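Asker:
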Amino acid sequence: MKNYLFPTVVLAVVVLSAVALAQNENAKRPEGGPPAMGIHWAKGVQVIYWGQSWGNSGFASDKITGLTSWYTGFSGSNYSKTSDEYSGSNGQVGPSNTLGSDVIDLSAAGSGAKTSTILAEVCRKITNPLANGYYPVYVDLPRGHAGYCAYHSWGSCGLTPVQFAFFWNLDGDPGFDPEDTSGLHSQGLAALSNVSGHELSEARTDPTGLGWFDASGEENGDKCAWTFNVPLVTFSNRSKWKIQGEWSNAAYNAGTGYSNSSGQKGCLDGR
Numbered sequence: 711m712k713n714y715l716f717p718t719v720v721l722a723v724v725v726l727s728a729v730a731l732a733q734n735e736n737a738k739r740p741e742g743g744p745p746a747m748g749i750h751w752a753k754g755v756q757v758i759y760w761g762q763s764w765g766n767s768g769f770a771s772d773k774i775t776g777l778t779s780w781y782t783g784f785s786g787s788n789y790s791k792t793s794d795e796y797s798g799s800n801g802q803v804g805p806s807n808t809l810g811s812d813v814i815d816l817s818a819a820g821s822g823a824k825t826s827t828i829l830a831e832v833c834r835k836i837t838n839p840l841a842n843g844y845y846p847v848y849v850d851l852p853r854g855h856a857g858y859c860a861y862h863s864w865g866s867c868g869l870t871p872v873q874f875a876f877f878w879n880l881d882g883d884p885g886f887d888p889e890d891t892s893g894l895h896s897q898g899l900a901a902l903s904n905v906s907g908h909e910l911s912e913a914r915t916d917p918t919g920l921g922w923f924d925a926s927g928e929e930n931g932d933k934c935a936w937t938f939n940v941p942l943v944t945f946s947n948r949s950k951w952k953i954q955g956e957w958s959n960a961a962y963n964a965g966t967g968y969s970n971s972s973g974q975k976g977c978l979d980g981r
């Protein structure tokens with residue numbers, strides 16, 4: 711079964727003043743509980759590319775330029791607005807973010823098996839992290855036998871809470887290939903862009919495991935994973951992507967969403 715769940719970690723290790731806390735699926739409140747503590751974007755997203763292969767143009771290919779376009783176009787897009795209905799103690803989830811400069815770290819990448827490893831990289835490379843920021847880390851390591859392709863998590867850099875995400879290299883990985891036949895992107899970029907939408911949407915609506923999820927523990931990206939309503943979704947900068955929808959309670963209640971893999975009509979892609 712394809713999923714994005716990250717590995718079970720009871721308590722992450724303190725590394726470089728960074729404490730990573732793994733999400734406890736058993737502690738999640740059921741659907742209908744208190745509203746989500748959504749992220750409010752200030753300066754938003756800063757992407758980290760970690761691993762020696764990012765210095766190789768053959769490997770990097772269209773990934774860095776493509777993901778820059780993806781994150782730029784996500785901001786203010788109808789796709790991003792699919793998660794705007796969620797609110798919490800810090801207000802309403804908003805569709806806009808500002809993309810900061812890329813960080814390319816050509817040292818040997820660490821595995822995503824421990825969230826503490828990825829948090830430590832974020833704390834090393836982001837000198838002034840934002841509490842309402844989001845720091846996705848893309849490594850050059852293949853997934854191998856890991857049963858997940860990406861995850862989002864949270865922790866602290868010093869006294870600043872941060873949200874971050876991790877992504878394996880998905881080049882030639884049939885287990886997490888959205889099978890984009892448009893010819894607009896390499897297979898590796900298409901795979902990363904699809905799971906990037908999943909993780910960013912969940913980080914916005916459930917940034918610290920105290921936000922929105924259903925009675926079975928699925929977040930809004932999980933509920934629509936690997937379901938595609940249209941061949942391509944257009945972002946605010948006119949870039950086009952094959953990307954899964956995100957769950958909307960409002961669409962489900964109104965019967966206006968498209969069906970997820972369980973037949974529930976609550977998925978939206980903002981097309």
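This note's numbering puts the first residue of the sequence shown at 711, with every later residue one more than the last.
Using N, Cα and C, we set each Cβ at its ideal position, and we do this for glycine too.
Treat the numbers as computed from the prediction; the structure is a model and nothing was measured.
#1: Using C-beta distances below 8 Å, list every residue in its chain close to G898, excluding the 5 sequence neighbours before and after it, in chain order.
#2: Compare the beta carbon distance of W983 and L942 with 8 Å and say whether it is the shorter of the two.
#3: Does DSSP put P745 in a helix, a strand or coil?
#4: Tell whether a beta-carbon distance below 8 Å holds between I828 and F876.
#5: Helix, strand or coil, according to DSSP, for Q897 in the structure here?
#6: Helix, strand or coil, according to DSSP, for A830 in the structure here?
#7: Could you check if S963 is buried or exposed, using at least 16 other CB atoms within 10 Å of its CB as the buried criterion?
#8: Between the Cα of V849 and the Cα atoms of C934, G761 and E956, which residue gives the shortest distance?
#9: Mind checking who C977 pairs with in its DSSP beta bridge?
#10: On the DSSP letters alone, give me the boundaries of the alpha helix (DSSP H) that L777 sits inside.
#11: Check for me: the beta strand (DSSP E) holding I758 runs from which residue to which?
#12: Rounded to whole angstroms, how far is the Cβ of G976 from the Cβ of S958, which I believe are closer than 8 Å?
#13: Can you grab the Cα-Cα spacing for the pair D886 / A901, in whole Å?
#14: Assign G810 to one of three DSSP states: helix, strand, or coil.
#15: Count the other C-beta atoms from every protein chain shown that fall within 10 angstroms of the C-beta of V803, then say buried if there are 16 or more, exposed otherwise.
#16: So, helix, strand or coil for T944, using DSSP?
#17: Taking only the alpha-carbon atoms, compute the straight-line gap between F716 and V832 and give it to the nearest angstrom.
#18: If the criterion is Cβ atoms closer than 8 Å, does the pair Y844 and W922 meet it?
#19: In whole angstroms, what separates the C-alpha of R739 from that of S767?
Answerer: Straight from the coordinates:
#1: S771, K773, N879, L880, D881 and G882
#2: Not covered by the structure: residue 983. The range shown for the chain is 711 to 981.
#3: Legend: pLDDT at P745 = 41, less than 50; position of this residue unreliable, value from coordinates given subsequently. Coil.
#4: yes
#5: helix
#6: helix
#7: Looking at the sequence shown, residue 963 is not Ser but Asn. Exposed, since its Cβ has fewer than 16 Cβ neighbours within 10 Å.
#8: G761
#9: W957 and Y968
#10: K773 to F784
#11: I758 to W760
#12: 6 Å
#13: For the sequence presented, residue 886 should be read as Phe rather than Asp. Each residue's alpha carbon lies about 7 Å from the other.
#14: coil
#15: buried
#16: strand
#17: Because the pLDDT at F716 is just 35, under 50, the model does not fix this residue reliably, and the value given afterwards should be weighed accordingly. If you take the alpha carbons of F716 and V832, they lie about 17 Å apart.
#18: no
#19: The predicted position of R739 is uncertain, since its pLDDT is 33 and thus under 50; no value can be drawn from it.
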